[in-house]
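>
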Amino acid sequence: MSSNSTEDDDPCAPDDNLCITRTHLQAVIIVPTLLLFFTLVTLLFVFLRQYCPERRPSHITAPQNNNHHHSNPHHHHHHHHRRQQHHHRHHHVSSHRHTQRPHLQGIDAPPGLNPLEHEVLPLSVQPVQQNVKPNVSAPPQVTTERHHGAFSQVTALPLSVYIKANDAVTLYRGRMDNRDVVLRVLKETATSSEKQHFLNFASFVSALGPHPFLPALLGVVSVQPPLMIVMEELRHRDLLGFLWRCRQDNTGSGSSCDMTEKRIFIMAGQVASALDYLHSKGYVHGNVGARSVLVGGDLTVKLWGLGSVYRRTARGGSLGEVDVMEMRKWQAPEVLARRAMSKSSDVWSFGILLYEMVSLGDPPFAELMAAELLQHLQRGKHLSRPPTCSNTL
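Mapping of the sequence shown onto my numbering: residues 1 to 393, in sequence order.
Structure representation (structure tokens):
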């Protein structure tokens, strides 16, 4: 019975070979071929879907590479504008952003800078790394190199309380580019270690960057001996000597030493600005006082005394007994107690500086020995208000 059912389902007679061949051809060849075709079409569609989004940005940004082959930028801009007219509006906007030089509110951006991609231009002055010991093998990074013939009218600089020579350095004053300068000249007898410290200090000051209330580093002679560091000279030298001269002069309102309340406020604000800048760089000055402030011809003051900052940085932040003994009466109680120096320590010393300015150079805690100061402060005692300090101040 099952044999009869199979014969009824077979459309071909047992002896019809042509019919049997066509049936097998349809089942074995045609159907798999159609399935393979539809599979290939599906894969091609998926491939195009994946490939087209990757091609579109490269097609749009391709005109950027043509900048290297066109010597005339105006010709390139005109040619690119003609090409954009044949694209859709959305394609035109996208291509315009990528191929035309970007504009920042009417100011032409430098070549290669795309503000839409948040590019950052390298600065000419590299920021100094905070709390990192200077590399003893690194020469000055960004200081302008000078030569010996750039200076004129060079004479020995008289020693003062704000700038000091040592066994390795001689100080001179001179003229360079029509301005007065101070030359720190390394002696030929200096050791290799002293030479390296000399160059590292120049690199340290240079890395701080320019600030209106820090003395300007104008250059370094580092190629040919004698090595030099060139700093701007401020006419009235250190503030402490300036205040003493004001006290002795006292010739009236016509004197350049007339320290009015307004002048004290202005000078204090300038020192505070420089101190805040150092703190923003991660440094503590640690030596704030009238003798660490320089006074220019227009009575603008600038904070100096950066040698102590450099020495602490070179030592990895250790305080050092010498730095404390130089200005013990200007130091905060925590520094006198041999604890870590901080920005707050500079604020305390800044208060002592204000006392010096108001009193025209009176030494703080004049009635005390330096060794007695910490105990005096721990008892809650402090500086008395100078007679010259008004209620307004």
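Ideal Cβ placement from N, Cα and C applies to all residues, glycine included.
(1) Quick check: what's the CA-CA separation for residue 316 versus residue 310?
(2) Going by the beta-carbon positions, is the gap between residue 330 and residue 380 smaller than 8 Å?
(3) Can you have a look at residue 176 and say buried or exposed, based on whether 16 or more other CB atoms are within 10 angstroms of its CB?
(4) Residue 183: which of 223, 174, 298, 246 sits nearest, CA to CA?
(5) Measure the CB-CB distance between residue 271 and residue 218 and report whether it falls below 8 Å.
(6) In angstroms, rounded to a whole number, what distance separates the CA positions of residue 18 and residue 12?
(7) Count the other C-beta atoms from every protein chain shown that fall within 10 angstroms of the C-beta of residue 297, then say buried if there are 16 or more, exposed otherwise.
(8) Please give the ranges of any beta strand (DSSP E) in the stretch 223–292, keeping only runs that are unbroken, at least 3 residues long and fully inside the region.
(9) Mind checking residue 286: buried by the 16 CB within 10 Å criterion, or exposed?
(10) Taking the straight line between their C-alpha atoms, what separation do you get for residue 227 and residue 349?
(11) To test your reading of the DSSP string, which unbroken alpha helix (DSSP H) runs of 4 or more residues are found completely within the stretch 174–208?
(12) What first and last residue would you give for the beta strand (DSSP E) that runs through residue 220?
(13) Considering just the uninterrupted stretch of the alpha helix (DSSP H) at residue 335, what are its terminal residues?
(14) Could you tell me the distance, in whole angstroms, from the CA atom of residue 237 to the CA atom of residue 357?
(15) Quick check: what's the CA-CA separation for residue 207 versus residue 197?
(16) So for residue 388, helix, strand or coil by DSSP?
(17) Across which residues does DSSP place residue 28 in a beta bridge pair?
(18) I'd like the list of long-range same chain contacts for residue 51, defined as Cβ closer than 6 Å, with 5 residues on each side in sequence excluded.
(19) By Cβ distance, which residues of its chain are closer than 8 Å to residue 263, with the 5 residues on each side in sequence left out?
(20) With DSSP run on the structure shown, which of helix, strand or coil describes residue 303?
(21) With distances taken from CA atoms, which of 373, 375, 359 is nearest residue 390?
(22) By how many angstroms is the C-alpha of residue 384 removed from the C-alpha of residue 260?
(23) Using only CA atoms, which one of 214, 205, 221 lies nearest to residue 187?
(24) In terms of residues, what are the limits of the alpha helix (DSSP H) holding residue 346?
(25) Short of 7 Å in beta carbon distance, which residues of its chain neighbour residue 327, apart from the five on each side in sequence? Order them along the chain.
(26) May I ask you to report which of helix, strand or coil DSSP gives residue 377?
(27) Output the distance between the C-alpha atoms of residue 304 and residue 234, rounded to the nearest integer angstrom.
(28) Based on Cα-Cα distance, which residue from 335, 361, 393 lies nearest to residue 293?
(29) Please state if the CB of residue 355 and the CB of residue 398 are separated by a distance shorter than 8 Å.
(30) What residues match up with residue 294 in a beta bridge as DSSP calls it?
(31) Figure out for me which residue from 240, 34, 192, 312 has the closest Cα to the Cα of residue 282.
Straight from the coordinates:
(1) Taking the sequence shown and counting its residues from 1, one reaches residue 316 at position 316. Taking the sequence shown and counting its residues from 1, one reaches residue 310 at position 310. Cα to Cα, the separation comes out at about 10 Å.
(2) Start at 1 with the first residue of the sequence shown, and residue 330 comes out as number 330. Start at 1 with the first residue of the sequence shown, and residue 380 comes out as number 380. For residue 330 and residue 380, no; Cβs fall outside 8 Å.
(3) Position 176 of the sequence shown, counted from the start, is the residue given in the question as residue 176. Buried, by the Cβ-count rule.
(4) One-based indexing of the sequence shown puts residue 183 at position 183. When only C-alpha atoms are compared, the closest one is 174.
(5) Translated into positions along the sequence shown, residue 271 becomes position 271. Translated into positions along the sequence shown, residue 218 becomes position 218. In this structure, residue 218 does not lie closer than 8 Å to residue 271 by Cβ.
(6) Within the sequence shown, residue 18 is the residue found at index 18, counting from 1. Within the sequence shown, residue 12 is the residue found at index 12, counting from 1. Their backbone Cα atoms lie some 9 Å apart in a straight line.
(7) The count along the sequence shown starts at 1 and reaches residue 297 at position 297. Exposed.
(8) 228–232
(9) On the sequence shown, position 286 is the one that residue 286 refers to. Under this definition residue 286 is a buried residue.
(10) One-based indexing of the sequence shown puts residue 227 at position 227. One-based indexing of the sequence shown puts residue 349 at position 349. Cα to Cα, the separation comes out at about 34 Å.
(11) 192–208
(12) Position 220 of the sequence shown, counting from 1, holds the residue named residue 220. Its beta strand (DSSP E) spans residues 217–221.
(13) Position 335 of the sequence shown, counted from the start, is the residue given in the question as residue 335. From DSSP, the alpha helix (DSSP H) with residue 335 extends over 333–336.
(14) Taking the sequence shown and counting its residues from 1, the one referred to as residue 237 is at position 237. Taking the sequence shown and counting its residues from 1, the one referred to as residue 357 is at position 357. Each residue's alpha carbon lies about 15 Å from the other.
(15) Walking along the sequence shown from the start, residue 207 turns up at place 207. Walking along the sequence shown from the start, residue 197 turns up at place 197. Rounded to the nearest angstrom, the two C-alpha atoms are 15 Å apart.
(16) Start at 1 with the first residue of the sequence shown, and residue 388 comes out as number 388. Of the three classes helix, strand and coil, the one that applies to residue 388 here is coil, per DSSP.
(17) Along the sequence shown, read from residue 1 onward, the residue named residue 28 stands at position 28. None, per the DSSP bridge assignment.
(18) As a first step, residue 51 is located in the sequence shown; it is residue number 51 there, counting from the start. Nothing listed; no residue qualifies.
(19) Here residue 263 is taken as the residue at index 263 of the sequence shown, counted from 1. Taken in chain order, the residues that qualify are 299.
(20) Indexing the sequence shown from 1 puts residue 303 at position 303. Residue 303: strand per DSSP, three-state reduction.
(21) Along the sequence shown, read from residue 1 onward, the residue named residue 390 stands at position 390. Ranking 373, 375, 359 by Cα distance to residue 390 puts 359 first.
(22) Sequence index remark: in the sequence shown, residue 260 carries index 260 (1-based). Sequence index remark: in the sequence shown, residue 384 carries index 384 (1-based). Between residue 260 and residue 384, the C-alpha separation is close to 20 Å.
(23) The count along the sequence shown starts at 1 and reaches residue 187 at position 187. The option with the nearest alpha carbon to residue 187 is 221.
(24) Taking the first residue of the sequence shown as 1, we reach residue 346 at position 346. Here the alpha helix (DSSP H) through residue 346 covers 343–358.
(25) The sequence position of residue 327 within the sequence shown is 327, counting from 1. Here the set comprises 287, 289.
(26) Here residue 377 corresponds to residue number 377 of the sequence shown, with the count starting at 1. Helix at residue 377.
(27) In the sequence shown, residue 304 corresponds to position 304, counting from 1. In the sequence shown, residue 234 corresponds to position 234, counting from 1. Approximately 11 Å between the Cα atoms of the pair.
(28) Mapped onto the sequence shown, residue 293 falls at position 293. Looking at the Cα atoms, 361 is the closest of the given residues.
(29) The requested residue 398 does not occur in the structure, where the chain is confined to residues 1 to 393.
(30) Along the sequence shown, read from residue 1 onward, the residue named residue 294 stands at position 294. BP columns for residue 294 point to 238, 302.
(31) Position 282 of the sequence shown, counted from the start, is the residue given in the question as residue 282. Residue 282 has its Cα closest to that of 312, out of 240, 34, 192, 312.
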